[in-house]
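The numbering of the sequence shown is our numbering, which starts it at 17 and goes up by one. In this text, a Cβ means the ideal position worked out from N, Cα and C, and glycines have one as well.
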Amino acid sequence: MNTEHFKSTNGINSLLINSPNSNIVSIQFWFKAGSSLEATEHHGIAHFLEHMFFKGSQKYPAMKIAKTVESFGGEINAFTSFDYTCYYINAPLSHAKKSLDVLLDMVCNPLFLKEDLIPERGVVFEEYLRSVDNPSQYNFFKIQQACFPKGYKHPILGNEKTIKNFNLSQLKKFRSSFYNKQNSMIILAGNLAAKKEYKNLINKYKLPSGKKSDFPEFKLKSAPAFNIHEKPVNQATLTLNIQAPDFSDAKAAQEDLALNALTFGDMSPLYKYFIDETSLANGLSGSTMYFSKGGIHFFRMSFPEKNLSKILRELPNQIQKCLKAGFNQDDLDRIRNQYMASKVYEKESIESFAFAMGHGFAQNGDINSDEQYVRTMEAVHPNDLISSLSEIFSRTVHITLQMPEGLSKSVKIDSLKDLGKRINTAGSKVKKAATKFKVSQSKYDQSAQVIELSKGVKLIHRHNPLSDTFALHCFVKGGLTEETPATNGIYNMMSKNITYGYEGLDYDDLKKDLEKKASYLNGFSGRNAYGLTLQGLSKYNDSLFKHFENTLLRPSFSQDKFLLERELILRTLHIQKQDPVKQCFLNFSNLVFKDHPYRLEMIGNEESLQKMSVKKLKDLHRKNMETKEMVITYCGNYPVEIIAQKCQKLVSEIKRKPILSNHFNRKAPKPLYNQNIEIDFEREQTHLMLGKAAFRSNTKEDAFLKIFTTLLSGQSSELFLKVRDTKGLCYTVQPLHNSSIEAGYWGIYMGTSTEKYNEAIKELKKIISKYQKRGVSKRDFLMVKEMIYGQNIINIQTNDDYAYFYSVPVLHDLGLDFSYKTLEKIKSVKHEDLNNFLKEFLDGGWNLVKIGKTN
């Protein structure tokens, strides 16, 4: 991709990224203006200002901003961090100029009307309440309070007092102080054949001059800080927080690699001990967060609270053991290749590529800072990993512990102090040929074709000659639809265990090779299929294909891994009992999918999990390989002849006795209607689902609901504007349209404050009633059709995207071009037919599930 950095005639810092083959455009406006620049009385103003920009300009009033972009299938949004804020639009290339104009005008010429303040305070406060309810975000708040320096100690969202009292004077002052030419950059990425027009448009807009932002140094407290708090969760979370060097420091890449070598993936030593061997923890991770001037290392571990004493005892021991054992070249390559590969994959998406450069400018002052980081990483030696870890664990360790409700007082601060000292001691101690088959070509994508390898087995090949990566999938008929309450979760369990090695290669050796080659091999299961996915670099195609083939045909299904996965799933089921959103959807599914397998929880239930065994997994998978229909999909730069030969060899090793089935002919659910379910949950927000049973995929009714759902989606929709923006009743509200092979549902989900619940329900029903009686206007009807087309273009970009896009329709005999034909069906829908459908479908029968405070 070619880049051009220039300043407009009015001084706007601009970056053009030309990608000639791209059919979308990504426009991003970055500002060095984040929450770390806020005074105490203005906490949260940077984020609140982000919201207020969307309230419009004279040229594009509030509703028109999002509506203009979403009318052609684009997406518009923004995000605020500690050191920067970014506004962006992703859109089809044909609407690049309009998108650029919308974003420039929105940011350069905001109105900031007084009447928009009050409802937006309510919206942002709802977002704040949601963050308080979220255990991981709340944990981060406690970390900030405990050890972060001034400027970074407070939540980006602010607090209740500041949010509820923001005024126009504060907004304008923050904007005038930091939204200037010196602190900004606009990025335009895509096919820039019309570059001259885009430059001329940028030249028409102005930003004021001003001072460059001066961010505070990010330096953790010198004395160790300890915090123990509780939330309504069913697991404990321990977090170690340690100072990290600045992103530009030569040691930054070394320490980042070292921390990941210790914690990342199944092959890391701490994962092996705490999860694989002892099951003491549910999960662990290490990561680094960088700021404008400095950074922080995090080490997190989640586990059942009963294991706390063992965790505190063993963590320093295992760190010391790892430091003594050291790391070899394979360990380094495993982690380093992961990072390098992420940069290669990043180039598949123009949005991600532009983001990397914008982020480099806003946080590090250099659009090429990522490249320098990679060059530094390439020079790291295995010995550097040990010296870096030794250095990290010799620094001050700040510790935060989140416990389930009622248990925080059972933990003494002294136990955390002792942990910190022992970790410091551990660190200091070590401180040193396809034409022969039946082929069907896509009429819409000349790069895609289907080859029938044998009865019941098809190969999809999509040639992407410019890609250095590939995606390889296998979809097998099965999944949730074939389960009963007694066997519930067996397909999910099979997908979890299928990648734990195969005959002739144990899991450790398999995982080591996969990570060394920066590839990802995963099982998956869904409602009507299960299988295997592989993503990798094309230069390793041959060796990775062998892993894929052997994993699919000869999986080991280790007893130890099976027991581990079962325990982790049982813990997940336990945790979900305290998750109001999960409970909301589980209860709703029981109503709309009554007497049908779709009502079952994908991961199973406690009784069914106890009855499972390795033998049952092996027998079921072997039977499926021999009898079920399957689709193998390859998207990458290898020619079809080579891939077809490999897949033909794979199929020849199976003793196939295919039994063809049609999931469309299965017994339909017996949905319930007009049901009200209320479950008491002591939370700040109430979660609700208002909906009913709908239609399976590949029906005209499903196309009608696709149009209606799109109309109510997005920031310019009536649902969003009335319920969220105008009345401030919630932070999250969205229509949900679920259509699968055998059944579907439609509804609206919302998370709202308990005191706003009745008003929120009333508003939702009012909107539904309006469309039931009046239907959709002709103007909106035509707009939504274009939106759907634009969204489809944006959502399908990578090899993995295309693999999923084609596989399911082909597996269920809907054809390679099913998704394209679905779009054609939507285009052919008549306005009158849509409104007649809505008049009938929206007329009563609504189920309501409410999870929250009942008093």
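Tyr289 places its beta carbon 8 Å or farther from that of Gln336. Residue range Thr101 to Pro108 is occupied by the beta strand (DSSP E) that includes Thr101.
Each residue's CA atom was taken as its position, placing Asn774 and Lys866 some 11 Å apart.
Only residues of its own chain outside the window of five on either side were considered, and among them Phe573 have a CB closer than 7 Å to the CB of Lys634, listed in chain order. Note on geometry: alpha-carbon atoms of Leu745 and Asp149 lie some 17 Å from one another.
Nearest C-alpha to Thr56 among Phe190, Gly89, Leu236 and Phe797: Phe190. Where Ala464 is concerned, the enclosing beta strand (DSSP E) starts and stops at Ala464 to Ser470. Note on Leu423: under 16 other CB atoms within 10 angstroms of its CB, so exposed under the neighbour-count rule. Taking the Cβ atoms as the reference, Gly505 lies roughly 5 Å from Ile619, within the contact range of under 8 Å. The beta-carbon distance between His111 and Phe88, rounded to whole angstroms, is 5 Å. This is short enough to meet the 8 Å contact definition.
In the three-state scheme derived from DSSP, where H, G and I count as helix and E and B as strand, Gly310 is classed as strand.
Per DSSP, the unbroken alpha helix (DSSP H) holding Phe561 starts and ends at Asn557 to Leu569. Inter-segment contact for the region 358-365 and the region 78-92 is absent: fewer than three beta-carbon pairs are separated by less than 8 Å. In this structure, Glu367 keeps its C-beta atom at 8 Å or more from the C-beta atom of Asn653. One thing to note: Gly311 has its Cβ within 8 Å of the Cβ of Pro261.
In this structure, the straight-line span from the alpha carbon of Ile43 to that of Tyr306 is close to 24 Å.
For the set Asn678, Leu676 and Glu642, the Cα lying nearest the Cα of Leu666 is the one of Glu642.
For Thr441, there is no enclosing beta strand (DSSP E); the residue is part of the alpha helix (DSSP H) that begins and ends at Ile429 to Lys445. If you look at Thr702, you'll find it in the beta strand (DSSP E) that goes Gln701 to Ala709.
Bridge pairing for Ile810: absent [DSSP]. Of the candidates Lys837, Asn557, Lys247 and Ala94, Lys837 places its Cα closest to the Cα of Thr715. Assigned with DSSP and collapsed to three states, Asp696 falls in strand.
In the three-state reduction of the DSSP assignment, Leu589 falls in the helix class, which pools H, G and I.
Remark: fewer than three beta-carbon pairs, one from each stretch, lie closer than 8 Å, so the region 622-633 and the region 525-536 are not flagged as touching. Note on the region 169-236: whole alpha helix (DSSP H) runs with a minimum of 4 residues are 176-179, 184-194 and 211-219, in chain order.
A Cβ-Cβ separation of about 38 Å leaves Val118 out of contact with Ala269 under the 8 Å criterion. Going by C-alpha positions, Ile764 is about 14 Å away from Gly861. The region 137-149 makes contact with the region 688-701: 3 or more CB pairs, one atom from each, lie closer than 8 Å. Within the same chain, and ignoring the five residues on either side of Tyr761 in sequence, the residues whose Cβ sits closer than 6 Å to its Cβ are Val608, Gly707, Ala709, Ala710 and Asn754.
Rounded to the nearest whole angstrom, the CA to CA distance from Arg543 to Ser535 is 26 Å. Around the CB of His590, fewer than 16 other CB atoms lie within 10 Å, so the residue is classed as exposed. Thr870 places its beta carbon less than 8 Å from that of Asp696.
Under the DSSP definition of a beta bridge, Ile258 partners with His313.
The beta carbon of Asp132 sits closer than 8 Å to the beta carbons of Met68, Lys71 and Ala78 from its chain, once the five residues preceding and following it are set aside; these are given in chain order. Residue environment analysis places Pro332 among the buried positions, since at least 16 neighbouring C-beta atoms fall within 10 angstroms of its C-beta. The beta carbons of Ala464 and Leu832 sit about 6 Å from each other, so the pair counts as a contact at 8 Å.
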